[in-house]
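Every letter in the sequence shown is one number past the one before it in numbering that gives the first Met the number 0, and letter 688, counting from 1, is 687.
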Amino acid sequence: MCKSCYHCGEVVPDNTNFSVEILGDIRTMCCLGCETVAQTIVDSDLVSYYQFRTAPAEKVDLVPEQLKNLIHYDNKEVQSEFVRQTDNASEVTLSLEGVSCAACAWLIEKQVAAHKGVLLINVNTTTLRASLTWDDDVTKLSEVLGIIHQLGYKAAPFEADKHEAAYHRSMKQYLYRLGIAGLATMQVMMLAVALYLEVFGDLEEEFKHFFRWVSLIFATPVLLYSALPFYLNAWRSLKTMTLGMDVPVSLALIFAYVASVVATVQEKGEVFFESISMFTFFLLVGRFLEMRARRKAAAASGNLLKLIPAIAHTLDGEQVPVKTLKPGDRVRVLPGEHIPADGKVVSQSPIFIDESMLTGESLQVRKSHSDIAYAGTLNGDEAFELEVTADKNNSVINNIVRLQDSAELSKPRIAEIADVVARYFVGAILIISACTWAYWHQTKPDDAFWIMLSVLVATCPCALSLATPTALTCATSRLGSLGILLRKNHVFETLCKVNHLVVDKTGTLTEGNIVISEIEVQAGFEEQHCIDLAITLESHANHPIANAFKRLNGSSLTATSIENKIGLGIEGAVEGQSAKIGSARYIGMSDQQNTKSNAIYLSVDDVHAATFYYQDPIRKESHDFIQHFVDSGAKVTLLTGDTKQNAAPVAEQVGISNVIASVSPEEKLAFLESVKDHDVTMMIGDGINDAPTLAGAHLSVAMGGGTDVAKASADLVLLGDRLDRILKAKEHAIKTRKIIRENLAWSLGYNLVILPLAVAGLVAPYIAVLGMSASSVIVVTNSLRLLKNT
């Protein structure tokens, strides 16, 4: 007798052995695919699907198809488009649907973090995104997504277009629900006027009962359809033994409806159909406006990703999807077209590119052969050939969005406290509401129920949960538009307190665009050979001065035993000769008294061979930037690995009196540690030798043109290398702190005022719902002020 597949109903082929334990029995499967999907259903605790299905999966395929889609995300080729690999871990940014408040975020974080193999999960309720890090050897991405789906939320890898489509789909559903609630409210309110005010004179009892039944008919679709999002959120919370914002709201609606139905059927008592309709309508209006405001706050980073075109042009004129481009591919970028991928300019003639979306600078940037052009930037009037250096997932613009999301997800202490207070406050509301009902039931039974409803609705702490995250999201987006990349969210707190500025010299106070202006060769040495030696040694360094040697006319020689002593110099064996390049002290010059500033020294076999003089212009904004901190009473220290001779003229021109020169990276860090206890320090640097110091400061800033190591250690990155942008960031941080305080003061003050009034029976139900909705909208709208130009 032929066996049928328990999952899809197809005949099980001979000589196969696929099975899964379902509902206590071993069930036979026809293929590996059915076995995998069935096992995923079991592992995801969705086995009830098999209990309630009416046909095999082939015909009723909703749940299995959803899970099949999740399984597809485990495919390595599919993951290459959105998963980033780090040391022994995988990272992905997820789009979320159904998240409405901080309690939803906490619920997802709690459940997912408990799953074996998940290293980190952070949810942002403003952008509706989550950052997930997991060990791919222990768990699969589909398993984690299954947990989120099981909680009642939808999750998928973040894609800007799909995320926006989901937002519009959600808003359309809210409009449908809002429309039904609005129409029903108008009808029920007219009937309520007739019932309570008896505008038609003394109504006979049968008409009163008729109006109540008509009100019930209008209020029912409001309760069952329009208010459904509140029930779903409340059920998710209760299912996992937590208390979300929508729990008291849902209880208020359900209690009011049940009491009204009983009163209608028994033809005695009060009905609250008009309150149900109004509750739902105003709650939906508030949630709708709140979603639109939060969407505006989160749009900046998503809009950046939309600047990357979907299609690229190959050299032979064909069109290919941008997501298929790999390093080494070559494409043609047409005039006025957004660049499809990070890459090197291959064309020989110079081109001009608008990088304002990255740096905030409106002037076009000149690019020559081998210069890097970034995905999403805008080409000028000349077509050019581009060699791809990074795929879409690893492009600079993707990294910026990822870092911004990461910064928004790392909650400051004040936000964590607000979330905890909000969760406990919901429990307190339920207890206070029960006590309120008990008191008024003894004192004034006819009013007990509506007073309890007012307490449940009026005091919901939605505004408290939104106070900090919305402000931080808006502030981060605004800094991004200024060409400032925020990597850590403590920046807004720390930047307001900085009282000691520590700056590097080369590439920070100076432009870092160093050129070799003069070469002085000692007797017995050939100039070209000295240049070749210098180019060879400096090719093993990543520093503005090293880059200056790359522009000299010479060739790299064969070198071995290269040793880069950061902050001092480089040495190695070059074609049988021992060569060193660096400071006079490093190469061991006997006469260091006559050394000059802005000079690099080369020795061959421990004999001084050549001196390379360089020029590095001071940034035009450096003086005003330093003077701002001096005038504000902050300490300013120039901390550099360069010599005192080189550092002193720069310090004098920009107005720095405290100069610490010729220090190693370890000495820089030691200095920071020595002042860290009594000063709030901000360190600005750009080189590898600044990385330890950047990591050790209270607040660290890396220049966008600096090394990747420095940027990886910093809290802020100046993409446009403009020091004056830090002053704007400081102004913005102070404004952000002020708005967060305003939001918290409003939300806490509102609840402290409305609670006793509601308990005392002085707040009507419709006033309660208006107050709760208005408080959330006010908080979000206040945060949106941070998006405006200052």
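Just so it is clear, CB atoms sit at the ideal spot from N, CA and C, and this is done for glycine as well.
Asked, Found
"Residue span of the alpha helix (DSSP H) that contains residue 363, given as start and end", "Unbroken run through residue 363: none, as it is neither H nor E."
"Among 179, 143, 442, 641, the one whose alpha carbon lies nearest that of residue 217", "179"
"Candidates 616, 105, 623: closest to residue 544 by CA position", "616"
"Rounded C-alpha distance that separates residue 256 from residue 443", "21 Å"
"Residue 641 burial status per 10 Å Cβ neighbour count (16 or more: buried)", "buried"
"Strand pairing of residue 3, partner residues [DSSP]", "10"
"Exposure label - residue 742; buried when at least 16 CB within 10 Å", "buried"
"Cβ neighbour criterion (16 or more within 10 Å) applied to residue 722", "buried"
"Option in 10, 674, 140 with minimal Cα separation from residue 793", "Here the chain covers residues 0 to 789 and nothing more, so residue 793 does not appear."
"Residue 552, buried or exposed, once every other Cβ within 10 Å from all chains shown has been counted against 16", "exposed"
"Residues bridged to residue 600 [DSSP beta-bridge criterion]", "581, 610"
"Residue 10 classed as buried or exposed, judged by whether at least 16 other C-beta atoms fall within 10 angstroms", "exposed"
"Counted within 10 angstroms of its Cβ, other Cβ atoms place residue 875 as buried (16 or more) or exposed", "Here the chain has residues from 0 to 789 only, and residue 875 is not among them."
"Helix, strand or coil at residue 169 [DSSP, three-state]", "helix"
"CB-CB length for residue 262 against residue 221, believed under 8 Å", "Actually they do not touch by this definition, with Cβ atoms about 17 Å apart."
"Contact the segment 491 to 503 vs the segment 515 to 526: 3+ CB pairs below 8 Å", "no"
"Residues of its chain near residue 428, where Cβ-Cβ distance is below 6 Å and the 5 sequence neighbours each way are ignored", "247, 458"
"Beta bridge counterpart(s) of residue 455 as assigned by DSSP", "None; residue 455 has no bridge partner."
"Segment contact flag, the segment 468 to 487 with the segment 722 to 733, C-beta cutoff 8 Å, min 3 pairs", "yes"
"Distance between residue 132 and residue 168 (C-alpha atoms, nearest Å)", "28 Å"
"Alpha-carbon spacing of residue 236 relative to residue 106, whole angstroms", "7 Å"
"Buried versus exposed call for residue 574 [16 or more other C-beta atoms within 10 Å across all chains shown]", "exposed"
"Identified DSSP bridge partners for residue 329", "386"
"One or two residues paired with residue 654 in a DSSP bridge", "None; residue 654 has no bridge partner."
"Buried versus exposed, by CB contacts within 10 Å (16 or more), residue 469", "buried"
"Environment of residue 451 [buried if 16+ CB atoms lie within 10 Å]", "buried"
"Beta-carbon contacts of residue 581 that lie in its chain and below 6 Å, excluding the five residues immediately before and after", "567, 568"
"Rounded C-alpha distance that separates residue 371 from residue 485", "23 Å"
"Cross-strand partners of residue 680 (DSSP beta bridge)", "499"
"Assumed close pair residue 313, residue 321 - CB separation to whole angstroms, cut-off 8 Å", "12 Å between Cβ atoms; not a contact."
"Delimiting residues of the beta strand (DSSP E) encompassing residue 351", "350 to 353"
"Residue span of the beta strand (DSSP E) that contains residue 550, given as start and end", "It is not in any beta strand (DSSP E) - residue 550 carries neither H nor E in the DSSP assignment."
"Separation of residue 282 from residue 15, as counted between CA atoms", "56 Å"
"Reduced DSSP category for residue 731 - H, G, I as helix; E, B as strand; rest coil", "helix"
"Span separating the alpha-carbon of residue 620 from that of residue 700", "16 Å"
"Outcome for residue 523 when other beta-carbon atoms lying within 10 angstroms are tallied against a minimum of 16", "exposed"
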